[in-house]
Amino acid sequence: MVEDIFYAKNQKTIIKVSQARGIALLAAARARTPFYSFTPLQIKQAVTGWGGAQKPQVQEMVRLLLGLAVTPRPDDAADALAAAICCASSRKILDKL
Numbered sequence: 001m002v003e004d005i006f007y008a009k010n011q012k013t014i015i016k017v018s019q020a021r022g023i024a025l026l027a028a029a030r031a032r033t034p035f036y037s038f039t040p041l042q043i044k045q046a047v048t049g050w051g052g053a054q055k056p057q058v059q060e061m062v063r064l065l066l067g068l069a070v071t072p073r074p075d076d077a078a079d080a081l082a083a084a085i086c087c088a089s090s091r092k093i094l095d096k097l
């Protein structure tokens with residue numbers, strides 16, 4: 001599962017993120033592993049019910065959905081867990097179709 005690339009003001013950052021994403025997609029393709037891609041809006045929608053949710057709202061919902069005692073840290077960990085929750089819920093929906 002990879003997060004779709006979003007607009008970034010820093011061009012160096014977007015290039016590095018694009019390169020890392022490309023490597024992840026190549027590795028998945030070589031391993032013949034399906035991959036899923038979601039936008040930040042889709043991830044927020046799946047986790048909080050609202051695509052415009054702020055980071056603290058997403059973090060709190062990740063904590064609640066996973067039954068964690070504390071909010072995952074660093075922020076990137078909560079983001080990754082939110083993406084995994086989105087992927088899992090999307091796959092459940094697709095399997096029902």
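According to our numbering, the sequence shown is numbered sequentially starting from 1.
Glycine included, each C-beta is placed from N, C-alpha and C at the ideal position.
Contact between C86 and Q42 holds: their C-beta atoms lie close to 6 Å from each other, under 8 Å. Its chain contains F35 as the residues whose beta carbon lies nearer than 7 Å to that of A28, once the 5 sequence neighbours on both sides are disregarded; these appear in chain order. Going by DSSP, A53 is part of no alpha helix (DSSP H) at all; its letter is neither H nor E.
Our two residues, V62 and R30, have alpha carbons roughly 31 Å apart in a direct line.
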